[in-house]
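Engineer: For the record, the sequence lines run as chains A and B. Count the first sequence with the working numbering and you get residues 487 to 706, in order. Count the second sequence with the working numbering and you get residues 487 to 706, in order. Once you've had a glance at the structure underneath, I'll fire off some questions.
2 protein chains.
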Amino acid sequence: MATLCLPYQLSPEQTEKLDTVIQRHRPLQKRDLLINSGEPLNYLYAVRSGSLKSYTLDSQGGEQIIDFHLPGDLIGFDGLIDGQHRSYTQALETTMLCEIPIQSLDQLSAELPGLRKQLLRVMSGELFASKTLLGTLNHHTAQQRLANFLVTLSSRFQQRGLSSREFRLSMTRADIGNYLGLSVETISRILTQLQNDGVVAVQNKLIAITAPERLRALAG
Amino acid sequence: MATLCLPYQLSPEQTEKLDTVIQRHRPLQKRDLLINSGEPLNYLYAVRSGSLKSYTLDSQGGEQIIDFHLPGDLIGFDGLIDGQHRSYTQALETTMLCEIPIQSLDQLSAELPGLRKQLLRVMSGELFASKTLLGTLNHHTAQQRLANFLVTLSSRFQQRGLSSREFRLSMTRADIGNYLGLSVETISRILTQLQNDGVVAVQNKLIAITAPERLRALAG
DNA sequence: ACTGATGCTTGATTTGCGTCAATAACGCTT
DNA sequence: AAGCGTTATTGACGCAAATCAAGCATCAGT
Chain A
487 MATLCLPYQL
497 SPEQTEKLDT
507 VIQRHRPLQK
517 RDLLINSGEP
527 LNYLYAVRSG
537 SLKSYTLDSQ
547 GGEQIIDFHL
557 PGDLIGFDGL
567 IDGQHRSYTQ
577 ALETTMLCEI
587 PIQSLDQLSA
597 ELPGLRKQLL
607 RVMSGELFAS
617 KTLLGTLNHH
627 TAQQRLANFL
637 VTLSSRFQQR
647 GLSSREFRLS
657 MTRADIGNYL
667 GLSVETISRI
677 LTQLQNDGVV
687 AVQNKLIAIT
697 APERLRALAG
Chain B
487 MATLCLPYQL
497 SPEQTEKLDT
507 VIQRHRPLQK
517 RDLLINSGEP
527 LNYLYAVRSG
537 SLKSYTLDSQ
547 GGEQIIDFHL
557 PGDLIGFDGL
567 IDGQHRSYTQ
577 ALETTMLCEI
587 PIQSLDQLSA
597 ELPGLRKQLL
607 RVMSGELFAS
617 KTLLGTLNHH
627 TAQQRLANFL
637 VTLSSRFQQR
647 GLSSREFRLS
657 MTRADIGNYL
667 GLSVETISRI
677 LTQLQNDGVV
687 AVQNKLIAIT
697 APERLRALAG
């Protein structure tokens, strides 16, 4: 179970200890909310299959998507600051999860230096990714942003042993636009433009990257 | 020393333990580099006085500012992922720092649950701030971004016991623009506009917030 | 105090992307 | 299979902010 939910380098002994505290979560359907902003933070969640989006609401009640979660991702770190979730997390499709009680995690991490390091690594990685994305969005054109988004998705799929050349966009164009700070129309236009240029082949939610090199070049 | 460098709620006993591992760092002058991207990560740094900026370089060698650091801030978390710094950090003015050996920190955090929690909180807070900023930049106008920047700076100064109404911008307008994804000219124009509207009073690097409420309203 | 370099402001022009609008293609639900 | 709501595409137009350009202020160093 622990190997499924926390696919990191831990010793068999460590894995066994973790297994005692990790549990299955009921499957989510599309649009189901996993996390409500303001809720107390009792569990971290690990995505086993499916995908989700996390978002906050701005002062006018508009969604601001801050992350997409794929299988293997951990959800809930941003709430550790004060034990409260700071964002909403919603399933984009049928999704399976594991839940890990925060308390047990804290106790365990006192005993297992490997787990402690792993946690810091994951958080540090998220932090780095988030700051990098910031730089990316600030200084790049719409085409560069979208290209970068696709490249990043592709490599995340690859890391999880899935195809990096062909995958399904479980989020809508509106979601992508929201995430990248662009309008739906711009996303649509650029996708068709990338297709005309022979860089990708788009068929609804299915995307095939036909010229990975050129896409990476466009991402900057 | 520990109280100066890690101004968080720790017991006297914990503070004492920390004191044994925290050291002063030589003072930095304006433009001195504290951290080079690629260097191994041996210390976390705490800012005692002064300020710094962190940035990465894009493929064309252009700076991408990802953070400004004020007194009380901790620097270095993004490198925990693989023990390598991922960005450059440079002093914006004469700056005093403490250094905390990563290794000692790891050992200590095994013994002190309070310290462990504190670390997670700080990282989690950074993560949340970073993701929030992302949302802010993506969906707001130039004026809203700058207003938000000033409000955030103001509240950070307040948290450190400094004036929230009047402070010095140790970074250049170009730095601010880079950070917010705007051009220098836009920063300049909006500052004078805010001044004409009576929201702030600008005199070179010195800024006085004359109508905090209205500024906060502009930030959205 | 002088001088060059760096940082800041202000104006004119251009442009990338958002907005508005209309239509088309999915994919649920019955 | 039919029909409706959601999601995606495509075009016309306008605007916010970038770029280009010029001049001014500030500061460090001789």
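Positions of the beta carbon are idealized from the N, C-alpha and C atoms, including for glycine.
Thinking C-alpha only, which one of B:L606, B:T678 and B:P557 is nearest A633 (chain B)?
Structural biologist: If we check each option's Cα against that of A633 (chain B), B:T678 comes out closest.
Engineer: Quick check on DSSP: helix, strand or coil for R512 (chain A)?
Structural biologist: R512 (chain A) falls in the strand class under three-state DSSP.
Engineer: Using Cβ-Cβ distances below 9 Å, what residues of the segment 614 to 631 of chain A are close to chain B?
Structural biologist: Under the 9 Å Cβ criterion, the segment 614 to 631 of chain A contributes F614, S616, K617, T618, L619, L620, G621, T622, L623, N624, H625 and H626.
Engineer: Applying the 10 Å Cβ sphere with the 16-neighbour rule, what's the burial state of Q500 (chain B)?
Structural biologist: So Q500 (chain B) ends up on the buried side.
Engineer: Taking any Cβ of chain A, which residues in the segment 556 to 588 of chain B have a Cβ under 9 Å from it, in chain order?
Structural biologist: Against chain A - using a Cβ distance shorter than 9 Å - the residues of the segment 556 to 588 of chain B are F563, D564, G565, L566, I567, D568, R572 and S573.
Engineer: If you count every other CB in all the chains shown that lies within 10 Å of the CB of N664 (chain B), and 16 or more means buried, which is it?
Structural biologist: Answer is buried; the Cβ neighbour count reaches 16.
Engineer: Determine whether the Cβ of Y531 (chain B) lies closer than 9 Å to any Cβ atom of chain A.
Structural biologist: It does not; no Cβ of chain A falls within 9 Å.
Engineer: From D683 (chain B) to L613 (chain B), what distance separates their C-alpha atoms?
Structural biologist: Going from the Cα of D683 (chain B) to the Cα of L613 (chain B) covers about 34 Å.
Engineer: Whose Cβ in chain B lies nearer than 9 Å to the Cβ of T542 (chain A)?
Structural biologist: The answer, in chain order, is K617, T618 and G621.
Engineer: In or out: A577 (chain A) buried (at least 16 other Cβ within 10 Å) or exposed?
Structural biologist: Buried, because 16 or more other Cβ atoms sit within 10 Å of the Cβ of A577 (chain A).
Engineer: On the CB-based measure, 16 or more other CB atoms within 10 Å of its CB, does R602 (chain A) come out buried or exposed?
Structural biologist: So R602 (chain A) ends up on the buried side.
Engineer: Between the C-alpha atoms of P498 (chain A) and F554 (chain B), what's the straight-line distance to the nearest angstrom?
Structural biologist: Roughly 42 Å between the two C-alpha positions.
Engineer: Give the list of continuous alpha helix (DSSP H) stretches no shorter than 4 residues that lie fully inside the segment 575 to 613 of chain A.
Structural biologist: With a minimum length of 4 residues, the continuous alpha helix (DSSP H) runs that stay inside the segment 575 to 613 of chain A are 588 to 597.
Engineer: Buried or exposed for S532 (chain A), going by 16 or more other Cβ atoms inside 10 Å?
Structural biologist: According to the sequence as given, residue 532 (chain A) is Ala; it is not Ser. When all chains shown are included, A532 (chain A) counts as buried.
Engineer: In whole angstroms, give me the CA-to-CA distance for L538 (chain B) and F643 (chain B).
Structural biologist: Their backbone Cα atoms lie some 15 Å apart in a straight line.
Engineer: Taking R607 (chain A) as the query, report the chain B residues whose CB atoms sit under 7 Å from its CB, ordered along the chain.
Structural biologist: Simply L566 and I567.
Engineer: Between which residues of its own chain and L668 (chain B) is the CB-CB distance below 7 Å, once the five residues before and five after are set aside?
Structural biologist: The residues are A628 and R631.
Engineer: Helix, strand or coil: which one does DSSP assign to I567 (chain A)?
Structural biologist: It is coil, neither helix nor strand.
Engineer: Give the single residue among B:S616, B:R512 and B:Q550 whose Cα lies nearest to the Cα of E585 (chain B).
Structural biologist: The shortest Cα separation from E585 (chain B) among B:S616, B:R512 and B:Q550 belongs to B:R512.
Engineer: Going by beta-carbon coordinates alone, are L704 (chain A) and L666 (chain A) separated by less than 9 Å?
Structural biologist: The answer is no: Cβ separation not under 9 Å.
Engineer: Using 10 angstroms around the beta-carbon of P526 (chain B), count the other beta-carbons present and answer buried if the total reaches 16, otherwise exposed.
Structural biologist: Classification of P526 (chain B): exposed, given that the 10 Å Cβ count is below 16.
Engineer: The beta strand (DSSP E) with Q550 (chain A) in it runs from where to where?
Structural biologist: Residues E549 to H555.
Engineer: State whether the segment 535 to 549 of chain B contacts the segment 564 to 582 of chain A, with contact taken as three or more CB pairs (one from each stretch) at a distance under 8 Å.
Structural biologist: Short answer: they don't touch.
Engineer: To the nearest angstrom, how far is it from the Cα of P599 (chain B) to the Cα of A596 (chain A)?
Structural biologist: In a straight line, the C-alpha of P599 (chain B) is about 8 Å away from that of A596 (chain A).
Engineer: Beta-carbon separation of S590 (chain A) and S540 (chain A) under 9 Å?
Structural biologist: No, these two residues do not count as a Cβ contact at 9 Å.
Engineer: If distances are taken between C-alpha atoms only, which option among B:N690, B:S650 and B:V637 comes closest to R700 (chain B)?
Structural biologist: Nearest of B:N690, B:S650 and B:V637 to R700 (chain B), Cα basis: B:V637.
Engineer: Considering only the alpha carbon of each residue, which of A:S610, A:A615, A:N690 and A:S640 lies closest to G565 (chain B)?
Structural biologist: The shortest C-alpha separation from G565 (chain B) is found at A:S610.
Engineer: Taking C-beta pairs closer than 8 Å, name the residues in chain A that E612 (chain B) reaches, listed in chain order.
Structural biologist: The contacting residues are L613.
Engineer: Verify whether the separation of the beta carbon atoms of S640 (chain B) and P698 (chain B) is less than 9 Å.
Structural biologist: Yes, Cβ-Cβ distance for S640 (chain B) and P698 (chain B) is below 9 Å.
Engineer: Between the C-alpha atoms of T658 (chain B) and I673 (chain B), what's the straight-line distance to the nearest angstrom?
Structural biologist: Their Cα atoms are separated by approximately 10 Å.
Engineer: Taking Cβ positions only, does Q645 (chain B) come closer than 9 Å to chain A?
Structural biologist: It does not; no Cβ of chain A falls within 9 Å.
Engineer: I need the boundaries of the alpha helix (DSSP H) containing T542 (chain A), first residue and last residue.
Structural biologist: No alpha helix (DSSP H) holds T542 (chain A); the beta strand (DSSP E) holding it covers L538 to L543.
Engineer: Can you pull out the residues from the segment 590 to 604 of chain A whose beta carbon lies closer than 8 Å to at least one beta carbon of chain B?
Structural biologist: Within the segment 590 to 604 of chain A, the residues whose Cβ lies closer than 8 Å to some Cβ of chain B are D592, S595, A596, P599, R602 and K603, listed in chain order.
Engineer: To the nearest angstrom, report how far apart A515 (chain A) and P557 (chain A) are at their CA atoms.
Structural biologist: With the sequence shown as reference, residue 515 (chain A) is identified as Gln, and Ala is not the correct amino acid for it. Taking the straight line joining both Cα atoms gives about 15 Å.
Engineer: What is the DSSP secondary structure of Q630 (chain B), counted as helix, strand or coil?
Structural biologist: Correct three-state label for Q630 (chain B): helix.
Engineer: For G524 (chain A), which residues from the same chain have a beta carbon less than 8 Å from its beta carbon, with the 5 sequence-adjacent residues on both sides left out?
Structural biologist: So the qualifying residues of the chain are Q570 and H571.
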